[in-house]
Amino acid sequence: MINLVSRADELLESKAVQVVIGYEAGSTGKARPAFITDPSKTGSLIFDDRCVQNLAVYLTKKEVRYFGKAAIVATLPIMRSIMMLISEQQVFAENIVVLGVSAEGKYIDIAGIEVMQQYIATCDLGNPAKDQETLAMLNKMSTQQKFDFWQKELSKCIKCYACRQACPMCYCTRCAVECNQPQWIPVQSNLHGNTDWHILRAMHLAGRCISCGECGRACPVNIPCHLLTMHMADQVHNYFNVYAGTTDKMSSVMSTFEPNDKESFIQ
Amino acid sequence: MSEFEPKVVAFVCNWCTYAGADLTGTSRIRYASNVKIIRFPCTGRIDFMLLLKSFANGADGIIVSGCHPNDCHYTSGNFHAKRRWIMFKELMDFMGIDMNRITFSWVSAAEGARWAEVVNTTVARIRELGPYVSYKQMVNTAVEEEVTND
Amino acid sequence: METTSKTIRKHSLEKLYASLAENRKMYAPVAEADNRIGYKYNPDFSEVIFDHIQSTLSVKNVVFPRVENVIFYTNNKNDSTVTDVDLNKIPEVVLWGAHPCDTAAYDVLRSIFCWDTKDEFFAKRLEKLVVIGLACHKSDAHCFCTSVGLSPDSTKGSDILLVPLTNGDYKAEILTEKGNRILTDFSGLFEPYQDEETKLTHVEQQFDHKQVTQHLKEAFENPFWVENSLRCIGCGACAYVCPTCACFDIQDEAKGKNGKRYRSWDSCGFGLFTLHTSGHNPREVQSQRWRQRILHKFSYMPERNASLGCVGCGRCSRACPVDMNIAEQLQALQSI
Amino acid sequence: MARIGVFVCHCGENISATVDCHKVAETVGKLKHVAFSTDYKYMCSDPGQTLIKEAIKEHNLTGIVVSACSPRMHEPTFRKAAAEAGLNPFLCEMANLREHCSWVHEKNDMTTDKAIDLVRTLVEKVKINSALQPIKVPVTKTALVIGGGIAGIQSALDIANTGHKVILVERSPSIGGHMSQLSETFPTLDCSQCILTPRMVEVAQHPNITLYTYAEVEGLDGFIGNFTVKIRKKSKSLDEKICTGCGLCTTKCPQKKIPNEFEEGLGFRPAIYVPFPQAVPNKPVIDREHCTYYIKGKCKVCEVVCPTKAIRFDQPDEVIEVQIGAIVIATGFDIKRADFFPEYGFGKYKDVIDGLQFERLASASGPTSGAILRPSDGQVPKNIVFVACAGSRDPAKGIAYCSKICCMYTAKHAMLYKHKVHEGKASIFYMDIRSAGKNYEEFVRRAIEEDYVNYIRGRVSTIYERDGKLIVKGVDTLLGGQPVEIVADMVVLATAGVANHGAEELAQRLHVSYDSHKFFAEAHPKLKPVETNTAGIFLAGACQNPKDIPDSVSQASGAAVKVAALFSQNELTREPLVAFVNRTAPPLYSTCVGCFLCQSVCPYQAIEREDFKTRDGKIIKTVAKINEGLCQGCGTCVALCRSKSIDLHGYTNNQMYTEVMALLNEY
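Residue numbers (the numbering used here), protein chains in the order written: chain Y, 1 to 267; chain R, 268 to 417; chain V, 418 to 753; chain D, 754 to 1420.
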C-alpha cells in the first residue's frame, strides 16, 4: 500500500486535506476505520481483505466534518456511496479527495469525480455473486416459504439499528422510525415492529442501495437484511436499467419516472 | 359460524377514482359493501406504509386506485405512484407478503361501472383467499417474555 | 448462607434438567446457525450445550425483556379504564448454564432497577428465576471478566454454580436458599464433592478497574473520547447485547379504543436518546455518547450503585461492526 | 378536549332507504369526544344548515362530520355553514354515505355498519384537523407584456389604463409587429398603419408603460403575483437619451445592401437603421452583424456624422431584473417561408412570393410605394394567382391545422390587386372558403361578385417557369377534378401560420406548456383560453394559434382583464391545502436533511431551498421549503420524503394514518 500511504502523506503534508479516512489494524486481528490527521501517522494505514466497513458513512458524520476536507480510501462500493451522497447534496465534491482501491486491492489514482465515474463505469455493478446466488435461491421459493424465511430471520431483530447506522445512505437526522406522530413503526422489537422496520428500510433504499452489504454485516444477530436492499437494487436495474451511484448527478429512481415504465399488475 | 366477510380498504385519489366511485353511486350500480374508501388528493400522496398498516389492523385486502396515466390532475402524481408500487410489489413478493391481496388499478371519473367491477372482483378474490391469517398472526406475535392481558 | 459444594455426575445433569423442566420454563444455551450461540426456552436437553464461550445476546431478557408491558388501557366515552399487568402470569424460569459474567450481571441490574424504588416487573421476574450458572472452561480474546473483579468461576448471581471437572462431571456450588431447595428436592442427584480437579479457563487481566474508575474522575474533558470514538457509528448493538445495559423507552400503542403501555430496550448511544423537545441535545455528538457509556459503567455506577456496570463478557466488542473494543479502550484509559 | 358534532343526513330517502341513519347517529354518538350526534332529513337544506350552525354554537363544537353525500358535491356548502357559525371551515369533514354507501349497497346491517365505519373514520380524522387559514400572497402590481405586436400593444394599454404599471418587452427595434407590415386590413380595407400607429405612440407616451425594445426575456423566477423577470436589453450601440432620431446616420451609412426584414426582403436597409418610418421608438439601432465597424474594425461614419454624438460602439448589453405580478405572452406568430414548398418554386422563382411580401408590395409605404410590381422585373403582373392553404391543412406537410387568416387575407389581396390593376386577372386556388366572422362572408362575396376574382376550388400541384411566365397547374374539383393550367405573371402563396421562432425556448424559460406545433398552450381549450397552466401567466394573440386582428385584440383585452382582476387585490387568497416542510428549533431547524429528491417529484417547481445562516452569513443548513404560491397540494413529495419532514395540510400523515386506524379498529 505504498501508494496509498504516500498519497495520504502528501495530501496531509500539503494541507490539501485535513483528515484521511482509511483503515488501520484493530484489535483481535480485525481491521477498523481510522482517521489520520497527522502526516507522520499515515504509516498505520492498511488495506487488505479485513477492511470491510463502508467508510462513506463517516462523510456525513458531524465530528468527522469538523476536520475540514477529507481524503477517503474508497473501494467500489464506497465510491458509489460517494456518488450518491454528492447526488443527494450531502457531500460536496470539492470537500473530498478519493483514494481509490481496486477490487484487487491496488491503489488507483482518482483525480476527480469524472475519473471516478469512468472507473465505476468499467466495473460490474450488480450485487456480489454470493448474495446474488442467495437472492436467486430465495426468489425460487413459494410465497409462504419466503414469508416463513423472513419471519424467522426478522424475529431475531432487536432494533439496535446497526443496519441503519452502518449504511452511508441512511444519513437522515431523524429517521422515519423515530417519527411518532404518527408512530409509523411500532417501537417494540416484536415481529410486527421488526417486519415494518425492515420493509421501511428497504423501500427507502430502493434506487439508492449500492450493494455494499454493510447493513447485513453490521447486524449483531446475523439477519441477512442486506438481501432486502440488494433485491431492490436488482429490481431497480431490472425495471429501470439503473445502477445507483454511477455519477454524481444521479436522478433518484424513486423521485423520477418515465411515462412508459413497464408493469403488469395495474388493472 | 357466519361466512367470512373480507375487510377491504380502498386508497383512491380525489380526482379520478373517488369521483368515479361517486358516479357508480349516481348510476346506482350495486357492489359489495366490504370495501371502504379513504380519499387522498392524489395517488402520489399514498404512503406504502399505510397499506401495511391496513393489513396490520385487520384488512384482508386493499385496493389502490387513481387516474389513468396521463390523466393525473397534478400531471404526474400517478406516474410517481406507479414506480413506487412497482418497487413495493417487488419487495412484498420477495418477503412473501401476498400481493394477490392488493388490487392496483386505474379508474377514471367516468368509469363508474368499472369501479364496481374492480371492487367486486377484488372482494370475490379475497373471499376465496380467506382472512389474511398469517399477517394477523405476525402482528399478534408477542415477545416470549411478554405478559399479555388475554 | 453458607456455600455447600457437591458433585453432580454428568448423567445426573440430564435428570436434574428434566426434573426442573417439569414445572418450570427452562432457558438454556443452544447452538445456532453461523456458529452462534443463543438461549432458547425449553430446549431438549440434547440440544443444550456446555462448552460455549459466549452467546450473541445476553440473558438479561429473562428479567428485563426487550418488550415489557406496563399497563393496558381502554378509552371509554367519558373516561379510561386502566388494567395492571398480572405479574402472577410471570412463569418460574430456570436459567440453565449461564456463565458467571451473565449471572453477575443480574446483580448489576438489580442495583439499577431496585436502586431506590423497587421495579416490580424486574423484581418479580428475578424472584421467579432460578439461576444455575456454569463456570467457564473456555474463553476468547474478548473476555475480560478478571479485569472487572470477576472470574471464570464467580458465584455472583447464581443460585447454583456448576464448575466443570476434568473428569467430565461437575462440581455444584449451592449458593442460595433457592439453590438449597433444589438440592433438597433432588438430593439423590448430588454427591459429596471430594476435591476433584476443576477445569477452568484462564482470562488474562487487562486493566485495573479501580484505577480506571479513579482516572475517569478527571477524564471528562479529555480528547481521548473524540479520538477514540470517531469510528463509532452510533448503532445500539453494544447496548443491546450488553447484559447490564438497562436503558429503556416507554411507549403507548393503541388500536382503536384499546391500548397498552410498554417499555422496550433503548440505548444511550442513540442521538435521539437525549434529544430535548426544544431541539437541544446535551449529548450532541457520538463522542459524548461513547463517553457516557464508559463513564456510566465505570464511574457513575461505582459511585452511585456501589457496583461496577460491566461484567467483562466482551459481547459489545464482539458485536461492534467498527471494532470499538471496550477492553482495549479501558486499558488505554487507565494510563491517561 | 375535542367536541365533535356528527350530522347524519337522510337525503330524503336516498340514504335512509338503505342505511339506518338513526342507528348511525346513535352509535357514533357513543364515541369518545362526540359531543353531539343527530340525524335529519335534509342537512343541506336551510333548516338542516341552521341545525348544524346552532349545534356548533350550543355545544361549542370543535369539529363536525356531516355524513351525507359526496364531499365533491356539498363540502363547500357545509364548510361555509361551519364558518358562518364561527368554526374554521377546515374543521368540517364529510362522510360519503350516499354515493359510496346507500346508493351502491343493499339494505342490510352490513351497509349500516359500513356507514358507521365511514363516519367514525372521519370523526377520528376531524379530531386532529387543524384550523387552516387561507394563504395570502402579496401581489406586485406590475405586469410584463412580452411582444409588441397588436396583441401586446392592446394588452399593455388596457392594463395601463386600469392604473397599473406595465413593462412591454419587444425583441425587434420597434413595436408594431406584423400588423405594421400590413397594407390594408380586412374586411374594411382601412389602412393598417393608420389605425395602428396611434396605438404605438400611445404606448410610448403612456405614463404607466415602460417600453423595452430590442430586448428579450432571459429568465423567470417566482410565482403568481411575485415573479422576478430577467430582461436582456440588447445594446443599440447608441445613447437613446441623446439621439434625436434625425436619421442622418441612416442615410450616411455606407453599408446599404442588407435585406430589409420589415420589407420581407423586398428592399434593403443600412446597418444603422430604423425598421420603418413610423417606428416606435423612432431611433436607430446598429445591426452589429452587418455593420462594417464591427466586422472590419473601422468605418464609424455614423459616429462622425451624428450631430449629437450619440453613437456608442462599446455599449454593452444590459440585463435588468424586475419584480412583476403577472405576465401576458403576446409573442405572435410567423409564416412558413422558403424551401417549404419546392413544388411551388418558392425561393427559386422571384415572382412566387408569400402573403406578407404581397402586403409590402400593396403598402403605400412599401418598396414599390404601393404599386403591384413583379420583384423580378418591376413589371405590373397582368395575371396573378393566389394559392390558399399553402402548407395549412396538410398533414403530409406536418401542419394539420387551418391557419385561419389566409382565406380572408387572400380575398383581400385579390381585391387590392384588382383595385390597383383594373385590367388584371386574379385567380384564387382554395380548399374551402372559411369566412366566419362579422362582415367576412360579405367581404369574400364582394371579391367574387364586384371584383370578379376567379375562385377555383382545388389545389395547385406544381408551379414552374416557362418563357418568363409562371405555369400554375392545378385541378378544379367543382368541375370534377378537371386539370387547370394558368399562365401567371406572379403567384402569391398564403403560407401557413406557424409558431414564432424562439417560442419553445421562451416557453421553457417561463415554465409554461406548449403544443406539438410550439404554440403556447392554454389552460383549458374552452373555459380557460386566456390562461396558461402556470398561474399568473396569460396568453394574447397569435402566439396561441394563428389569429386575425379582431381576435388578437379581443384576447389581448381578455388577458388584460385577467391581469387587472389579479391586480385588483392587494393579496391573493388560496386554499391552504398545500404541503409544508417542518421547522424545529435550532440547532436542528428542520428534520429535513436537504437531499432535495422532493424537487424532482414536484410537478410545479414549488420546492425551494432555504438556508439557515449564522450571523456572519455562514450557511449552517439548507433545507427544503414549499412555495405556497406554487404548491397545488398533490402530496407526491409527502409520500416520497424518507424522514417524514414534508406534510400536507388537510391530508397530513397523522390524519391519513388515523383514518386507516379508525376504519379498521373498534372505538
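Even for Gly, the Cβ is constructed at its ideal location relative to N, Cα and C.
Asked, Found
"Cβ contact check for the region 959 to 979 of chain D and the region 916 to 927 of chain D: 3 or more pairs under 8 Å", "yes"
"N- and C-terminal bounds of the alpha helix (DSSP H) containing V/Leu542", "In the sequence as displayed, the identity of residue 542 of chain V is Arg instead of Leu. Note, V/Arg542: alpha helix (DSSP H), Glu537 to Glu544."
"DSSP state of Y/Trp150 mapped onto helix, strand, coil", "helix"
"Whole-number beta carbon distance between D/Val1331 and D/Ile1379, since they are thought to touch under 8 Å", "6 Å"
"Entirely enclosed alpha helix (DSSP H) segments - the region 37 to 74 of chain Y, minimum 4 residues", "62 to 65"
"Residues of the region 192 to 204 of chain Y whose Cβ lies closer than 7 Å to any Cβ of chain R, in chain order", "His192, Thr195, Asp196, Ile199, Leu200, Ala202 and Met203"
"Short Cβ contact (9 Å threshold) for V/Asp451 with Y/Asn180", "no"
"Residues sharing a beta bridge with V/Lys672, DSSP", "V/Asn675"
"For R/Ala380, the nearest candidate out of R/Ala299, R/Met359, R/Glu270 and R/Leu319 (CA to CA)", "R/Ala299"
"Cβ of V/Gln751 within 9 Å of any chain R Cβ", "no"
"Short CB-CB distance (under 9 Å) between R/Ala288 and chain V", "no"
"Residue-chain proximity (Y/Val253, chain R), Cβ-Cβ < 9 Å", "yes"
"Listed by chain order, chain Y residues near D/Phe1349 by CB distance under 8 Å", "Glu88 and Gln89"
"Strand pairing of D/Asp1104, partner residues [DSSP]", "Paired residues: none, contrary to the question."
"Residues from the region 672 to 700 of chain V in contact with chain D, defined by Cβ distance under 7 Å", "Lys672, Gly673, Lys674, Ser695 and Gly696"
"Sequence-distant residues of its chain with Cβ nearer than 6 Å to Y/Ile108 (five each side left out)", "Gly100 and Ser102"
"Separation of V/Thr424 from V/Gln611, as counted between CA atoms", "8 Å"
"Segments assigned alpha helix (DSSP H), at least 4 residues, entirely inside the region 1346 to 1395 of chain D", "1350 to 1354 and 1389 to 1393"
"Close-in-space but distant-in-sequence residues of the same chain around R/Ser332 (CB under 6 Å, 5 per side omitted)", "Val279, Thr284, Ser372 and Val374"
"Beta carbon proximity, R/Val410 to chain V, threshold 9 Å", "yes"
"Contact under 9 Å by Cβ, D/Arg851 with R/Gly292", "yes"
"Residues bridged to D/Tyr965 (per DSSP)", "D/Val922"
"Bridge-paired residues (DSSP) for V/Pro609", "V/Lys423"
"Cutoff 9 Å: R/Val414 Cβ touching any chain V Cβ", "yes"
"Y/Pro33 vs Y/Leu59 beta-carbon contact at 9 Å", "no"
"Extent of the continuous beta strand (DSSP E) to which D/Val1140 belongs", "Asn1136 to Ala1143"
"CA-to-CA distance, D/Glu1361 to D/Gln1385, given in whole angstroms", "14 Å"
"Within the region 886 to 943 of chain D, ranges of the beta strand (DSSP E) (whole runs, at least 3 residues)", "888 to 891, 895 to 899 and 918 to 922"
"First through last residue of the alpha helix (DSSP H) which encompasses R/Glu395", "Gly379 to Leu396"
"Cβ-Cβ separation, D/Thr1389 to R/Arg312 (assumed contact under 8 Å), whole Å", "7 Å"
"Spatial distance of R/Met268 from D/Glu859 (CA atoms)", "In this predicted model, R/Met268 has a pLDDT of only 46, less than 50, meaning its place in the structure is not dependable; the value taken from the coordinates is given anyway. Whole-angstrom Cα-Cα distance: 22 Å."
"Rounded straight-line distance, which links the Cα of D/Gly1123 to that of D/Ser1129", "16 Å"
"Backbone secondary structure at R/Met268 - three-state DSSP", "Bear in mind that a pLDDT of 46 at R/Met268, under 50, signals an unreliable position, so the number given afterwards is only what the model happens to contain. Three-state result, R/Met268: coil."
"DSSP three-state assignment for Y/Met141, whether helix, strand or coil", "coil"
"Inter-residue Cα distance where the pair is D/Met754 and D/Leu1319", "41 Å"
"Distance, Y/Thr75 Cα to D/Gly1050 Cα", "58 Å"
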